[in-house]
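Count along the sequence shown starting at 1, add 26, and that's the number in this note's numbering.
Heads up, the beta-carbon is just placed ideally off N, CA and C, and yes, glycines get one too.
These figures come from a predicted structure and were not determined experimentally.
Worksheet: the structure to be examined is printed underneath.
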Amino acid sequence: MVQHSITKPRKILFVCLGNICRSPMAEAVMARLVQENGYEGEFTLDSAGIISYHRGELPDSRMRSHAGRRGYRLTHRSRPVHTDDFYRFDLIIGMDAGNMDALHERAPSTDEWEKIHCITDYCTRFTDADQVPDPYYGGDAGFEYVIDLLEDACAGLLAQCR
Ligand code: 4NP
Numbered sequence: 027m028v029q030h031s032i033t034k035p036r037k038i039l040f041v042c043l044g045n046i047c048r049s050p051m052a053e054a055v056m057a058r059l060v061q062e063n064g065y066e067g068e069f070t071l072d073s074a075g076i077i078s079y080h081r082g083e084l085p086d087s088r089m090r091s092h093a094g095r096r097g098y099r100l101t102h103r104s105r106p107v108h109t110d111d112f113y114r115f116d117l118i119i120g121m122d123a124g125n126m127d128a129l130h131e132r133a134p135s136t137d138e139w140e141k142i143h144c145i146t147d148y149c150t151r152f153t154d155a156d157q158v159p160d161p162y163y164g165g166d167a168g169f170e171y172v173i174d175l176l177e178d179a180c181a182g183l184l185a186q187c188r
């Protein structure tokens with residue numbers, strides 16, 4: 027059980043390095059779960075990147091293709107994390123240790139620091155996973171594994187937001 031500093035968090039920001047693979051995928055997985063569980067309109071979901079290199083771009087074509095095979099359509103445009111995000115969102119969810127370090131460094135104060143969590147902490151099936159690995163330089167299996175992990179983690183996350 028992850029301890030949240032805010033009861034019934036409803037505004038969730040997913041963060042990865044480039045905001046073109048993992049975090050837009052997490053946003054889409056969570057959006058579907060929210061809809062399927064009757065919470066549509068209650069949650070504010072978004073994603074952002076530690077780096078701004080891909081600003082304005084759609085998710086990576088490989089990520090979109092793998093997502094499409096499971097019925098997810100990724101339309102997010104990459105954007106970097108802003109300081110303002112730490113105030114606007116209830117939870118800031120990173121994908122790996124590098125994301126977590128970068129987010130902790132940027133948190134403007136202790137209250138915002140406490141909003142930062144690693145997505146694999148919500149897994150209930152992949153309990154040995156301690157990160158969602160960057161699929162960018164890998165092959166097809168890496169992208170499938172990202173979606174497998176995120177479907178598990180986001181189900182656990184929604185369960186802890188009820
Ligand atoms: P993401 O994957 O963090 O899951 O969006 C990456 C995308 C791009 C880069 C690194 C990771 N990049 O270095 O450009």
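Straight through space, the alpha carbons of Leu-71 and Ser-87 are spaced by roughly 22 Å. For Val-41, DSSP records a beta bridge to Ala-74 and Gly-120. With fewer than 16 other beta carbons inside 10 angstroms of its own, His-108 counts as exposed. DSSP places Cys-144 in the strand class (E or B) of the three-state scheme. Within the model, the alpha-carbon separation for His-130 versus Val-28 is close to 17 Å. Per DSSP, reduced to three states, the secondary structure at Pro-50 is helical. Note on geometry: alpha-carbon atoms of Pro-85 and Ile-46 lie some 4 Å from one another. At a cut-off of 6 Å, the beta-carbon of Cys-187 does not count as near ligand 1: no heavy atom of the ligand is closer than that.
Going by C-alpha positions, Leu-184 is about 11 Å away from Glu-62. The stretch 145–164 makes no contact with the stretch 110–117: fewer than 3 CB pairs, one atom from each, lie closer than 8 Å.
Rounded to the nearest angstrom, the Cβ distance from Val-41 to Ala-93 is 18 Å, too far for a contact under 8 Å.
Rounded to the nearest whole angstrom, the C-alpha separation of Pro-134 and Leu-175 is 29 Å. At least one heavy atom of ligand 1 sits closer than 6 Å to the Cβ of Arg-48. Residue pairing of Pro-106 in beta bridges, as defined by DSSP: Gly-75.
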